[in-house]
Each structure stands twice: as structure tokens, then as C-alpha cells.
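Asks: Before we start, here is the structure in question, set down as C-alpha cells.
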Amino acid sequence: SETTGNLMTWILYALMTNENVLDACREEVDRVLPNGIEPRNEHLADLVVCEAVISEALRLYPPAPFFVRECTHEHTIGTEHPIRIPKDASILVDAYTLHRRSDLWPRPLEFDYTRWMRDLKTNLKPKLAHSFAYLPFAAGPRSCIGQNFALLEAKLMLAMFVEKCNFDMVPGQRIVPDVKITMRPKYGLLAKISRRER
639 SETTGNLMTW
649 ILYALMTNEN
659 VLDACREEVD
669 RVLPNGIEPR
679 NEHLADLVVC
689 EAVISEALRL
699 YPPAPFFVRE
709 CTHEHTIGTE
719 HPIRIPKDAS
729 ILVDAYTLHR
739 RSDLWPRPLE
749 FDYTRWMRDL
759 KTNLKPKLAH
769 SFAYLPFAAG
779 PRSCIGQNFA
789 LLEAKLMLAM
799 FVEKCNFDMV
809 PGQRIVPDVK
819 ITMRPKYGLL
829 AKISRRER
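Take the sequence shown: its letters are residues 639 to 836, numbered as in my numbering.
Structure follows, in C-alpha cells:
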């Protein structure tokens, strides 16, 4: 889908601009999938660095950067400066801005996949500053029904890309997010792709 394609574009951008991230993904993929074996379902759970890289790309570059909800009954939010939201009001939730708030995310503009690494003992993801601090697939009963498939598909593609390819960003590009219904690089993203020799 377009959203998964945009996600993969931003992941490749992160890998090409953060060599440590590419190295961490590649080390994990080479360990979990030695000698180029075909990935199977049982391998995917062991790709925890790849999973964390995907989560961080979704935080900084959500393919669906905003979504709209309709207020089903009147609400008042806030205490110091309360705001009344009337019934039937449309509420725009800006995930792009939410995911970059410094009160919710330390070093919010830095691509830091380690913020998503699971605890080695419990296998749990780190606790968020707020339960609604991270909304790449929206939330609640109307969240994206394809999110589990999209995450699985992205993890598989990421593993295969780093296992089989080298990619270098073509210099001199201006990479600017273009926020419309989906978010993509405004001027595209050019890369030199070559087969990885092992």
C-alpha cells in the first residue's frame, strides 16, 4: 500500500543517514538469518532491532500524519483553561507534531531506535510517557485494521533489504516531508542500490 511504501522510504532514509542504525540492523539480520536463509515466521520475533527501527521511523515520519475523529457527545477538557468541545465537532489529531513533543519524547528530533528496544528479561517494550503519545495507526476502535500486517510486512522488507542490498543516498538532495493525506519526501528520495557482497 502507499502508506507502507512511504514508511519504507523513510526507513531507508534513516538507514542512509544514520550508519549506526544500518550497522545494528545488518548485524541482527546476519545473526538471525545466517547465510542468506529465507526468513520464516519464527525468525521475525528475533528481529528486535528491525522492529525498533520501524517504530522509530513511524514516530518521526508517520505515513498517515493526522487523522480526524468526530466528538460523539459534548466534552470539556483541561482544568486550568478548560476547552468545551461540542457534540459533532471534528477533531484533527496531528500525530506528526505529537510524536515530536519534547515533553513526551527525550531528544524528539533524533532518530533513536534504542528507545523502542524490548527489556531483555521481560521482553516488554518501554513504557510511553503517555498512553496516547504514539499514534502512527491512530487509536481506539477505529485504529488502522491493517497495522499488524503492515508491521510484519515492513519488518520482512527491512530484513531483506539490509541482508541483500547496499544503499547510498545520492548527494545534494533536499529531503523535506510533504504532509498531505500521507507523508512522503516532497522531492522524492534518490539512492544508489547495489547487491551486497558477503
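Just so you know, even glycine gets a beta-carbon here, dropped at the ideal spot from N, CA and C.
Could you check if R697 is buried or exposed, using at least 16 other CB atoms within 10 Å of its CB as the buried criterion?
Replies: buried
Asks: Measure the alpha-carbon distance for A829 versus L653 and round it to whole angstroms.
Replies: 11 Å
Asks: Among all the DSSP beta bridges, which residues are the ones paired with T714?
Replies: R722
Asks: Between which residues of its own chain and F775 is the CB-CB distance below 7 Å, once the five residues before and five after are set aside?
Replies: In chain order, S781, C782 and Q785 place their CB closer than 7 Å to the CB of F775, counting only its own chain and leaving out the 5 sequence neighbours on each side.
Asks: What separation, rounded to the nearest whole angstrom, lies between the Cα atoms of L794 and I715?
Replies: 41 Å
Asks: Just how far apart, CA to CA, sit H681 and A690?
Replies: Rounded to the nearest angstrom, the gap between the Cα atoms of H681 and A690 is 15 Å.
Asks: Go through the segment 770–831 residue by residue and report every complete run of the beta strand (DSSP E) that reaches 3 residues or more, in order.
Replies: 803–807, 815–817 and 821–823
Asks: Determine the extent of the beta strand (DSSP E) in which S728 is found, giving its start and end residues.
Replies: S728 to D732
Asks: Below 6 Å CB to CB, which residues in the same chain sit around I831 once its five sequence neighbours on both sides are set aside?
Replies: C803 and F805
Asks: On the CB-based measure, 16 or more other CB atoms within 10 Å of its CB, does T735 come out buried or exposed?
Replies: exposed
Asks: Can you check whether the CB of L789 is closer than 8 Å to the CB of I692?
Replies: yes
Asks: Going by the CB atoms, is the gap between E791 and T641 shorter than 8 Å?
Replies: no
Asks: Exposed or buried, what is P701 when buried is set at 16 or more other beta-carbons lying within 10 Å of its beta-carbon?
Replies: buried
Asks: When the Cα atoms are used, what is the spatial distance from I819 to K763?
Replies: 29 Å
Asks: Measure the C-alpha to C-alpha separation of L645 and C688 and round it to an integer number of angstroms.
Replies: One C-alpha to the other measures close to 13 Å.
Asks: Under DSSP, the alpha helix (DSSP H) around R664 begins and ends at which residues?
Replies: E657 to V670
Asks: Under DSSP, the beta strand (DSSP E) around E708 begins and ends at which residues?
Replies: Following the DSSP letters along the chain, one finds E708 inside the beta strand (DSSP E) bounded by residues F704 to E708.
Asks: Use the C-beta contact count for Y825: other C-beta atoms within 10 angstroms, 16 or more gives buried, fewer gives exposed.
Replies: exposed
Asks: Using only the alpha-carbon positions, how far apart do L747 and S769 sit?
Replies: 20 Å
Asks: Cα separation between R833 and P744?
Replies: Spanning the two alpha carbons is a distance of roughly 37 Å.
Asks: Let me check one thing: in DSSP terms, what residues is R833 bridge-paired to?
Replies: Paired residue(s): C803.
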